[in-house]
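Note that the working numbering gives residue 293 to position 293 of the sequence shown, counting from 1, and the numbers run on in steps of one.
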Amino acid sequence: MISLSKNKSKYMHIYAIRRTACCLAAVAALAAAQGRYPNTRVKPRVIASTDGEVDDRCSMVRFLMYSNEFQVEGLIHSSSRFHWLGQTWSGVEWINGQIDQYARVYDHLRQNADGYPTPEELKKRVYVGNITNVGEMEKDTPGADRIVQVLLDDDPTPVYLETWSGTNTFAKALSIIQKEHPSEMDRVSKKAVLYIILDQDETFRKYIEPNWPKLQVLGSFRQFGVMAYGWVNSMPPAMRVFFERPWLEGNITVNRGPLAGAYEPFNGAFRSEGDSPSYIHQIEVGLRSLENPSYGGWGGRFVEEKPGVTNVWKDAEDDGDLYKPIWRWAEAFQNDWAARADWCVKSYREANHAPIVNLAVPKDIDAAPGASVKVSVAGSSDPDGDKLTYAWWQYREPGTYKGEESLRDADKPTSYLQVPADAKAGDTIHLIAEVTDSGKPPLTRYARVIVTVRPK
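Right, dumping it as C-alpha cells:
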C-alpha cells in the first residue's frame, strides 16, 4: 500500500518556494499564445555582492539574462582578499555598464519571458558596499544599509545572500542588526540564506559563524571550481564541449547581441564563472534543490559541515567526485544559457523555450519494500510544440538507500519503481525525471519524486 508522505523536511520553512503546478500549464499556454514564456512562481529574493573580478563580470552577464527568475534586491560592490579599492580594482561602474548592454536587449528578452526587471529598476539596486580593504566591516555603507533594509522588511520570502566577494558587506549588515535590532536575529536567521563562493575574507569564520548560529549557510568552498578558471580539469571531456571555443562562439559570444558580447572569453573559450553556482542554485527547474541543501541541483549539492551543526553546509561529493554535483547538469544549464542568449536577439517564435513539466503524482510517496510505485510526468507540454523525450533515473547520493533500483519504462512519461526488498524503513529513494524538448538548443526541465520506505 502506498500513501502520501507526512514527513516534512526541517528545512522547508527556509527553502521552500511554492508554485501551483496545476495552473502553470494553462498559464503557459496563454503566455505562449501571447508570445512570451510564463513566470508565475514566487521568485526568490537575491542580493549579490561582487569584487568585480573578470569571472564576476562573466557571471553577471549570465545573471542579467536570468534576472526574470529572481526578485533582484541588491547588486553590491564589495571587497575580497583578491580585490579591494586600490588593489586590482574594477571600479564601481562596471555593473551599470553591463545593465546598459542589458537595456539594449531588454525588449527582446521580455518578448520571450515574463518578469524581466527594467534597466532602470536594476540600476536602482546597485550599491557600493564595504570596499576599502580586505574584510573591512567597520564603516556604514549604502550596500550594508540596503541589506539591513531587505532583511528587516515584512516580506517573509527567503533572501539569498550570494557572495561573489568576501562576506564583509553582509557581515557589516548582520552586525548592524545584531547591535541595533537584536530581537530580530531569529527572524532574520529564518529568512536569509548565505551562499558563499570560496571564502574570500575572514568575516564569515570570525564574525558571522560564531554570532549567527541559526543562519543557514551554503559553503561552495571548492565545488564552484568546476565553473572557475580550472574548469577544463574538473569535468569529463563530454562536458567540456559545452565550455570550449566552438560552443561558446556558436551559442553565446558571436551574433547574440551586446549583452552576450560583453562576456569576456579566454582565447574564445569559457573563461571562468566561479560565482554563477550561487544564483543558478535559485533557478527553478524542478529539482527541489531549495527544499534541502542535500538534494542537489544546478548550483551544487551540500552536506552538513560538522556533525550536529545543522546551519553550515559544505560541498558534497557524487560518486566520490567533488565537482560532479555541478557538472552532471552542465549540458542542460549551458544549453539553457544558450537559449537565453538567443532570446537577446530573437523573437518568441524564433527562439526555444523550456518544457512545462507536469508532475502527475505526489512529490513525496511512502511505500513498503517490494511495492510497485508509479511515478509520472504525463501531461507535460512544450510551449513551442516541440517533441519531448523522457528519462527517469535514481539520484543515489541524496537518498539514503544506496542499492540498485529497478525502474520500468524509464524512457516514458510514466515509469514504475519496484521498491527493493532489502530497503529498510526510513530509507529514501530520489527519482529524477528529465524532460527534454527537441528544440535548438534542446532544453531540459525536471521533476523529483522522493520515495520513503515505510515498514512492511
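Glycine included, C-beta positions come from ideal geometry on N, C-alpha and C.
* Asked: Taking the alpha-carbon positions, what's the residue 85 to residue 58 distance?
  -> 20 Å
* Asked: If residue 279 and residue 48 are in contact, beta carbons under 8 Å, what's the gap, nearest whole angstrom?
  -> 7 Å
* Going by beta carbon distance, what residues of the same chain come within less than 7 Å of residue 412, once the five residues before and after it are set aside? -> 390
* Could you pull out every residue in the same chain whose Cβ sits closer than 8 Å to the Cβ of residue 245, ignoring the five residues on either side in sequence? => Result list for residue 245: 265, 267, 268, 269, in chain order.
* Using three-state DSSP, classify residue 174 as helix, strand or coil. => DSSP places residue 174 in the helix class (H, G or I) of the three-state scheme.
* Asked: Three or more beta-carbon pairs under 8 Å between the region 340-358 and the region 382-396, yes or no?
  -> The region 340-358, when compared against the region 382-396, does touch it at the 8 Å Cβ threshold.
* Cutoff 8 Å; reference residue 106; Cβ partners in own chain excluding five residues on either side -> Around residue 106, the same chain offers 116, 118, 119 as residues with beta carbons nearer than 8 Å, after the five sequence neighbours per side are excluded.
* Contacting residues, own chain, Cβ-Cβ under 6 Å from residue 282 (five flanking each side not counted) -> 44, 160
* **Cα-Cα separation, residue 256 to residue 209** => Spanning the two alpha carbons is a distance of roughly 43 Å.
* What is the DSSP secondary structure of residue 311, reduced to helix, strand or coil? -> strand
* Asked: Taking contact to mean at least 3 C-beta pairs separated by less than 8 Å, is the region 299-319 in contact with the region 420-436?
  -> no
* So does the region 123-143 actually touch the region 76-92, counting three or more Cβ pairs closer than 8 Å? -> yes
* To do: For the region 92-108 and the region 137-155, state whether three or more C-beta atom pairs, one from each stretch, are separated by less than 8 Å.
  => no
* Asked: Beta carbon of residue 127, beta carbon of residue 74: below 7 Å?
  -> yes
* Report all residues from its chain with a CB closer than 6 Å to the CB of residue 272; omit the five preceding and five following residues, and keep chain order. => 55, 228, 229
* CB-CB under 6 Å to residue 171, same chain, minus the five flanking residues each way: which ones, in chain order? -> Listed in chain order, the non-local C-beta contacts of residue 171 below 6 Å within the same chain comprise 137, 203, 207, 208, local neighbours out to five positions each way being set aside.
* To do: Would you decide whether residue 454 is buried or exposed? Buried here means 16 or more other CB atoms lie within 10 Å of its CB.
  => buried
* Complete beta strand (DSSP E) runs within the region 381-428 (minimum length 3 residues, chain order) -> 388-394, 406-408, 414-418
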